[in-house]
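**Student:** Before anything else, here's the structure in question.
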Amino acid sequence: MKTIYLDNNATTQVAEEVLDAMLPYFRDLYGNPSSMHSFGGQVGRKIREAREQAAALIGAQPEEIIFTSCGTESDNAAIRSALTAHPDRRHILTSRVEHPAVKSLCAHLSRQGYRITELPVDKDGILDMAQYERALTPDTAIVSLMWANNETGVLFPVEKAAELATERGILFHTDAVQAVGKIPINMKANAIDMLSISGHKLHAPKGIGILYVRKGTKFSPFLIGGHQEKERRGGTENTPSIIGLGKACELAAGNMDTENRMVLLLRDKLEAEILARIPNSRVNGTRLYRLPNTTNISFEFVEGEAILLLMDDYGICASSGSACTSGSLQPSHVLRAMGVPFTMAHGSIRFSLSIYNTEEEIHFVIEKLPSIIERLRSISPYWTLGDQACSVQ
Amino acid sequence: MWEYTDKVKEHFLNPRNVGEVENPDGIAEVGSIACGDALKLSFKLDDNKRIKDVKFKTFGCASAIATSSALTEMVKGMTLEEAMKVTNQDIAAYLGGLPQEKMHCSVMGKQALEKAIENYKGGPPTAPAAQIICECFGVTEREIERAVRENNLSTVEEVTNYTKAGGGCGGCHDAIRQIIERVRAEAAPVVRPKLSNIQKIRMIEETIEREIRPSLKQDGGDIELVDVIGNRVLVATRGTCATCKAADITLKHFVELKLRDFVSPELVIEEVTT
Numbered sequence: 017m018k019t020i021y022l023d024n025n026a027t028t029q030v031a032e033e034v035l036d037a038m039l040p041y042f043r044d045l046y047g048n049p050s051s052m053h054s055f056g057g058q059v060g061r062k063i064r065e066a067r068e069q070a071a072a073l074i075g076a077q078p079e080e081i082i083f084t085s086c087g088t089e090s091d092n093a094a095i096r097s098a099l100t101a102h103p104d105r106r107h108i109l110t111s112r113v114e115h116p117a118v119k120s121l122c123a124h125l126s127r128q129g130y131r132i133t134e135l136p137v138d139k140d141g142i143l144d145m146a147q148y149e150r151a152l153t154p155d156t157a158i159v160s161l162m163w164a165n166n167e168t169g170v171l172f173p174v175e176k177a178a179e180l181a182t183e184r185g186i187l188f189h190t191d192a193v194q195a196v197g198k199i200p201i202n203m204k205a206n207a208i209d210m211l212s213i214s215g216h217k218l219h220a221p222k223g224i225g226i227l228y229v230r231k232g233t234k235f236s237p238f239l240i241g242g243h244q245e246k247e248r249r250g251g252t253e254n255t256p257s258i259i260g261l262g263k264a265c266e267l268a269a270g271n272m273d274t275e276n277r278m279v280l281l282l283r284d285k286l287e288a289e290i291l292a293r294i295p296n297s298r299v300n301g302t303r304l305y306r307l308p309n310t311t312n313i314s315f316e317f318v319e320g321e322a323i324l325l326l327m328d329d330y331g332i333c334a335s336s337g338s339a340c341t342s343g344s345l346q347p348s349h350v351l352r353a354m355g356v357p358f359t360m361a362h363g364s365i366r367f368s369l370s371i372y373n374t375e376e377e378i379h380f381v382i383e384k385l386p387s388i389i390e391r392l393r394s395i396s397p398y399w400t401l402g403d404q405a406c407s408v409q
Numbered sequence: 274m275w276e277y278t279d280k281v282k283e284h285f286l287n288p289r290n291v292g293e294v295e296n297p298d299g300i301a302e303v304g305s306i307a308c309g310d311a312l313k314l315s316f317k318l319d320d321n322k323r324i325k326d327v328k329f330k331t332f333g334c335a336s337a338i339a340t341s342s343a344l345t346e347m348v349k350g351m352t353l354e355e356a357m358k359v360t361n362q363d364i365a366a367y368l369g370g371l372p373q374e375k376m377h378c379s380v381m382g383k384q385a386l387e388k389a390i391e392n393y394k395g396g397p398p399t400a401p402a403a404q405i406i407c408e409c410f411g412v413t414e415r416e417i418e419r420a421v422r423e424n425n426l427s428t429v430e431e432v433t434n435y436t437k438a439g440g441g442c443g444g445c446h447d448a449i450r451q452i453i454e455r456v457r458a459e460a461a462p463v464v465r466p467k468l469s470n471i472q473k474i475r476m477i478e479e480t481i482e483r484e485i486r487p488s489l490k491q492d493g494g495d496i497e498l499v500d501v502i503g504n505r506v507l508v509a510t511r512g513t514c515a516t517c518k519a520a521d522i523t524l525k526h527f528v529e530l531k532l533r534d535f536v537s538p539e540l541v542i543e544e545v546t547t
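These protein sequence lines map, in sequence, to chains U and Z.
Here this note's numbering is used: position 2 in the first sequence is 18, and no number is missing along the way.
Here this note's numbering is used: position 194 in the second sequence is 467, and no number is missing along the way.
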């Protein structure tokens, strides 16, 4: 059975070119880039090149790129560094819809005595900027807001938000793991101090990430050890993965237009056809400011895990914000923050595309999904035919 | 991804007895859309007062649908007295087991069955004014007590897995802890719940570990559980017990008594050599 992979916000396929670039550094070119001999030195040069490729993708300078092990490490390093840089400040400003890498860390820090403000979002997943501005205080050590939401794809106006923070002398961090490679980002044109990137979201392997730290920003390392990464991140470099991520960044820069034309077109087609063919379905999150590859659609009166398993039978991979898929008993914190009604939240499915998806695949999903939803609705006690517009207590 | 048994998958993909019985004798709805799963069960009796037809409609995940389907298959042909004896453990066992986090699906099946039978008998649906402990999922004190008692639960996490209580805001965790302590402090109930095989084995292992092994070890002996077949508990003796002439007496008069006391009065100890 062919796999139709529409779960690219979870992880992506490693690009062929990326794998090819990495392979020699597993087998033959295994030298330590810090070594004095030329065998290691040649690896050091490749890492320099990767740093340049990564910097180019986001309009940064190479020395502003710190390689880490993942997006979560980057988020942790950024927030903790800001707290160390401002030991007198005890407030962190964030949102209710952040990824657990930020959300759980903030919950942890709150138990250590830090004051956390989680800004709410409206029903479309949008921040109230006036409220944001009011929440910036002289005690605020750092603002951490995600650039693009992993569940809905909704974009926060982080550039504007960073400006407002910078004006007040507050550090600004953004978790941009879902945004980098999908939308144009230029660090020269914004005031963001720190930005997190995850390799496996842009066709590099898992286990590699980046923390961008703007030149001149006080930084205190998360991992203390050797002199690697200019003493900002100890530990011998994950050389094949860094080289792979560099290649992936170069590819992403080249594919940005395709992403924003072709992928967007496929996503819009998938979304429009699903909404047209399946009654009582709706999109979660604004469609105005959104990643080109993501759509989050709710199907009323059915449950997400059941939908996923029936799609799985056809080889279709996606995700759900339903409670049953997470192991927790409540639906996704993102959908709850948006006030998505329970009838909809439990039946939400996230489709996230990549440049490797084809029109044929999208057609296949459009063809199969209506009968899957219909089948589950025929079992559901809340679904009554001929009374489709009814809403449940 | 959840590790579902083939039987769960099969019942999910091909659910039996979907729908609503026409002119039902008993009908019930449990759960709610807010909780993420809900089950509507209806049945009709034949002239001999046996369940002739039973159907369900379920909103929920794969295991909720599969347990509903399994439940209808299990109770078809039963008298209401027999059906009342079906436990959530039986439903889970019928499906070859459920992930711990999904045990609440089997509890929902059991609740729907009871409520439908109560509906047939015309009695009040549940005990009056049952106190809600978990506000997020509307779980009552009575439901938690019962899950703790029948499934021998000892932690808040287990209670959440079986009843959902405590799975939301977490505000009721202390109250749940108190209920667990209270129920577990109660004298062993006279009427023991019917144990599933897996549960029985687990309890036997726990009893050996907690009540038996420490005494044997004092004398340099030990036993090992080899198998449980029905009520026959097969054990092998180890250490000094393996060569001790009094081991038979120890097994019969100490080990068996302990197991009968803590697990089930019908258990019989047999020694095997391995």
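Every residue gets a Cβ at the ideal spot worked out from N, C-alpha and C, and that includes glycine.
With DSSP run on the structure shown, which of helix, strand or coil describes Phe238(U)?
**Tutor:** DSSP places Phe238(U) in coil when its eight states are reduced to three.
**Student:** So, for Val348(Z): in the same chain, excluding its five sequence neighbours on each side, which residues have a beta-carbon less than 7 Å away from its beta-carbon?
**Tutor:** Counting only Cβ-Cβ distances below 7 Å, and skipping sequence neighbours, we find Ile324, Val327, Ala356, Val359, Leu386.
**Student:** Quick one: what does DSSP say Gly512(Z) is sitting in, helix, strand or coil?
**Tutor:** DSSP places Gly512(Z) in strand when its eight states are reduced to three.
**Student:** Could you tell me which whole alpha helix (DSSP H) segments of length 4 or greater appear in the segment 90-125 of chain U?
**Tutor:** DSSP runs (the alpha helix (DSSP H)) wholly in the segment 90-125 of chain U: none.
**Student:** Using CA coordinates, which residue listed in Ala343(Z), Asn392(Z), Asn504(Z) is at the minimum distance from Gly369(Z)?
**Tutor:** If we check each option's Cα against that of Gly369(Z), Ala343(Z) comes out closest.
**Student:** Are the beta-carbon atoms of Val30(U) and Phe332(Z) separated by less than 9 Å?
**Tutor:** In this structure, Phe332(Z) does not lie closer than 9 Å to Val30(U) by Cβ.
**Student:** Answer yes or no: does any C-beta atom of chain Z fall closer than 9 Å to that of Thr359(U)?
**Tutor:** True, the Cβ-Cβ gap to chain Z drops below 9 Å.
**Student:** Kindly indicate which three-state DSSP category Ile306(Z) falls into: helix, strand or coil?
**Tutor:** The answer is coil: DSSP assigns Ile306(Z) none of H, G, I, E or B.
**Student:** So, Ala339(Z) versus Asp310(Z), is the Cβ gap smaller than 9 Å?
**Tutor:** Against a cut-off of 9 Å, the Cβ pair of Asp310(Z) and Ala339(Z) comes out as no contact.
**Student:** With 9 Å as the threshold, decide whether the Cβ of Leu286(Z) is near any Cβ in chain U.
**Tutor:** For Leu286(Z), the answer is yes, since a Cβ of chain U falls inside 9 Å of its Cβ.
**Student:** Does DSSP put Arg303(U) in a helix, in a strand, or in coil?
**Tutor:** Of the three classes helix, strand and coil, the one that applies to Arg303(U) here is coil, per DSSP.
**Student:** Does Val549(Z) pass the burial test, meaning 16 or more other C-beta atoms within 10 Å, or should it be called exposed?
**Tutor:** Residue 549(Z) lies beyond the range of chain Z shown here (274 to 547); nothing can be said about it.
**Student:** For chain U, find out if any of its Cβ atoms is closer than 9 Å to the Cβ of Glu408(Z); answer yes or no.
**Tutor:** Not closer than 9 Å to any Cβ of chain U, the Cβ of Glu408(Z) fails to qualify, so no.
**Student:** Would you mind telling me which residues of chain U sit closer than 8 Å to Thr331(Z), beta carbon to beta carbon, in chain order?
**Tutor:** The contacting residues are Ile395, Ser396, Pro397.
**Student:** Run through DSSP, which three-state label would Ser368(U) get?
**Tutor:** Ser368(U): strand per DSSP, three-state reduction.
**Student:** Taking only beta-carbon positions, decide if Cys334(Z) is within less than 9 Å of chain U.
**Tutor:** Cβ-Cβ to chain U under 9 Å: yes for Cys334(Z).
**Student:** From what residue to what residue does the beta strand (DSSP E) around Cys407(Z) run?
**Tutor:** Residues 405-407.
**Student:** Can you check DSSP and say which residues form a bridge with Gly292(Z)?
**Tutor:** Paired residues: none, contrary to the question.
**Student:** If I'm right that Lys255(U) touches Ile63(U) with Cβ under 8 Å, what's the distance once you round it to whole angstroms?
**Tutor:** The identity of residue 255(U) in the sequence shown is Thr, whereas the question assumes Lys. So it is a contact: roughly 6 Å between Cβ atoms.
**Student:** Under 9 Å, Cβ to Cβ, is there at least one residue of chain U near Lys313(Z)?
**Tutor:** Closer than 9 Å: yes.
**Student:** Apply the 10 Å Cβ neighbour rule to Ser51(U) and answer buried if 16 or more other Cβ atoms are within range, or exposed otherwise.
**Tutor:** With fewer than 16 Cβ atoms within 10 Å of its Cβ, Ser51(U) is classed as exposed.
**Student:** Taking the straight line between their C-alpha atoms, what separation do you get for Gln326(U) and Glu423(Z)?
**Tutor:** Checking the displayed sequence, the identity of residue 326(U) turns out to be Leu instead of Gln. So the alpha carbons of these two residues sit roughly 33 Å apart.
**Student:** Does the beta carbon of Val318(U) sit closer than 9 Å to a beta carbon anywhere in chain Z?
**Tutor:** Closer than 9 Å to some Cβ of chain Z, the Cβ of Val318(U) qualifies, so yes.
**Student:** Using only the alpha-carbon positions, how far apart do Ile388(U) and His377(Z) sit?
**Tutor:** Near 25 Å, if we compare the C-alpha coordinates of His377(Z) and Ile388(U).
**Student:** Less than 8 Å between the CB atoms is what I'm expecting for Ile82(U) and Glu245(U), so what's the real figure, rounded?
**Tutor:** Right, their Cβ atoms sit about 5 Å apart.
**Student:** If contact means a Cβ-Cβ distance below 9 Å, which residues of the segment 405-430 of chain Z contact chain U?
**Tutor:** Residues Cys409, Phe410.
**Student:** For Glu321(U), which residues in chain Z fall below 7 Å Cβ to Cβ?
**Tutor:** The contacting residues are Cys334, Ala335.
**Student:** If you drop the 5 nearest sequence neighbours on each side, which residues of the same chain put their C-beta closer than 8 Å to that of Glu539(Z)?
**Tutor:** Cβ neighbours of Glu539(Z) beyond the five flanking positions: Asn504, Arg533.
**Student:** Alpha carbon to alpha carbon, how far is Pro103(U) from Arg96(U)?
**Tutor:** Cα-Cα distance, rounded: 10 Å.
**Student:** Look up Val11(U) in the DSSP assignment and say whether it is helix, strand or coil.
**Tutor:** Coverage of chain U is limited to positions 17 through 409, which leaves residue 11(U) absent and any answer about it impossible.
**Student:** Could you name the residues of chain U that Ala307(Z) contacts, counting a contact when the two beta carbons are closer than 8 Å?
**Tutor:** Those are Phe358, listed as they occur along chain U.
**Student:** Would Cys334(Z) be called buried (16 or more neighbouring beta carbons within 10 Å of its own) or exposed?
**Tutor:** With 16 or more Cβ atoms within 10 Å of its Cβ, Cys334(Z) is classed as buried.
**Student:** Going by C-alpha distance, which of Phe329(Z), Val303(Z), Tyr277(Z), Gly441(Z) is nearest Ser394(U)?
**Tutor:** Measuring from the Cα of Ser394(U), the nearest candidate turns out to be Phe329(Z).
**Student:** Would you say Asp329(U) reaches chain Z, if we count a Cβ-Cβ gap shorter than 9 Å as a contact?
**Tutor:** So yes, Asp329(U) belongs to the interface.
**Student:** Which residues of chain Z have a Cβ atom closer than 8 Å to the Cβ of His413(U), listed in chain order?
**Tutor:** One cannot answer for residue 413(U) here, as it falls past the ends of chain U, which runs 17 to 409.
**Student:** Roughly how many angstroms lie between the CA atoms of Lys282(Z) and Ala301(Z), to the nearest whole one?
**Tutor:** Those two C-alpha atoms are separated by around 25 Å.
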